[in-house]
């Protein structure tokens, strides 16, 4: 992991503490991240200076911290800082208003900070978002087949954008970047209560009818990041030694697995399935 990635990961974890309303000292962060006091002070006083961080009796915290309390500049700075600015095609002031609006944010679901760039599909992304809120159908070509869909939600799972939509009464997911010939129809549709209930519960099971197991080997020098929080879906530790960590995970699509692995290359490799390992190596 290069120096920029280390900083971004550390800052993201500090932000997570702030969002969770945790209180911490400089010394505690030094020990957790294995860095010196000067580095943590720079994180708080320079890199995170745009955030309303308070200090009381040596403890740092963000009182009543929510994203809704931040200004446009704060949100943009956060996005640029933590590497999620290109998660959305256009992180403009207007689009941020949409994201912070309770009704509009129902069109989106984010499950990670990793991301693919879909800047060249910005207009389509925003149009689908609008059609989701208006309950109007769209048509597209997907896997060489013309389809008419009732769109429900744009979902980002481990860096890949998907559209959750009803096709002929069946709830399916479509990789957004692979949808072509998009057309936005005037036909309105009635939402299916069963699909709404799945979305309300925020269950990932609706995302795919099937999952597959994958086994990954992570080098010891980055293993700590996988201990601090589950970076992989359904992450389980299989083996650990001084050289590497072996984890198992369950994913729905190959793209989901590749997105995670490519972010951590060259410190990670796929052991199983073999075919995924070969594809990932060939696309480095």
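In full-length UniProt numbering, the protein residues as written are 1 to 284.
Cβ coordinates follow ideal geometry from the N, Cα and C atoms, glycine included.
1) Which residue spans inside the region 172 to 246 form an unbroken alpha helix (DSSP H) run of at least 4?
2) Please determine, among 250, 244, 251, the residue with the shortest C-alpha to C-alpha distance to residue 268.
3) Among the residues of its own chain, which have a CB less than 6 Å from the CB of residue 23, if the five just before and after it don't count?
4) Report the option in 55, 221, 163 whose CA atom is closest to the CA atom of residue 180.
5) With distances taken from CA atoms, which of 233, 237, 239, 238 is nearest residue 258?
6) Considering Cα atoms alone, identify which of 154, 120, 273 is closest to residue 132.
7) Where does residue 37 sit, in a helix, a strand or coil, going by DSSP?
8) According to the neighbour-count rule (16 or more other Cβ atoms, all chains shown, within 10 Å of its Cβ), is residue 150 buried or exposed?
9) When you compare only the Cα positions, how much space is there between residue 36 and residue 238?
10) Which partner residues does residue 55 have in the DSSP bridge list?
11) How big is the Cα-Cα spacing for residue 7 and residue 262?
12) Is residue 23 helix, strand or coil by DSSP?
13) Around the Cβ of residue 247, are there at least 16 other Cβ atoms within 10 angstroms (buried) or fewer (exposed)?
14) Using the beta-carbon count (16 or more within 10 Å), is residue 227 buried or exposed?
Let's see:
1) 193 to 201, 220 to 228
2) 244
3) 59, 61
4) 163
5) 233
6) 154
7) helix
8) buried
9) 32 Å
10) 60
11) 18 Å
12) coil
13) buried
14) exposed
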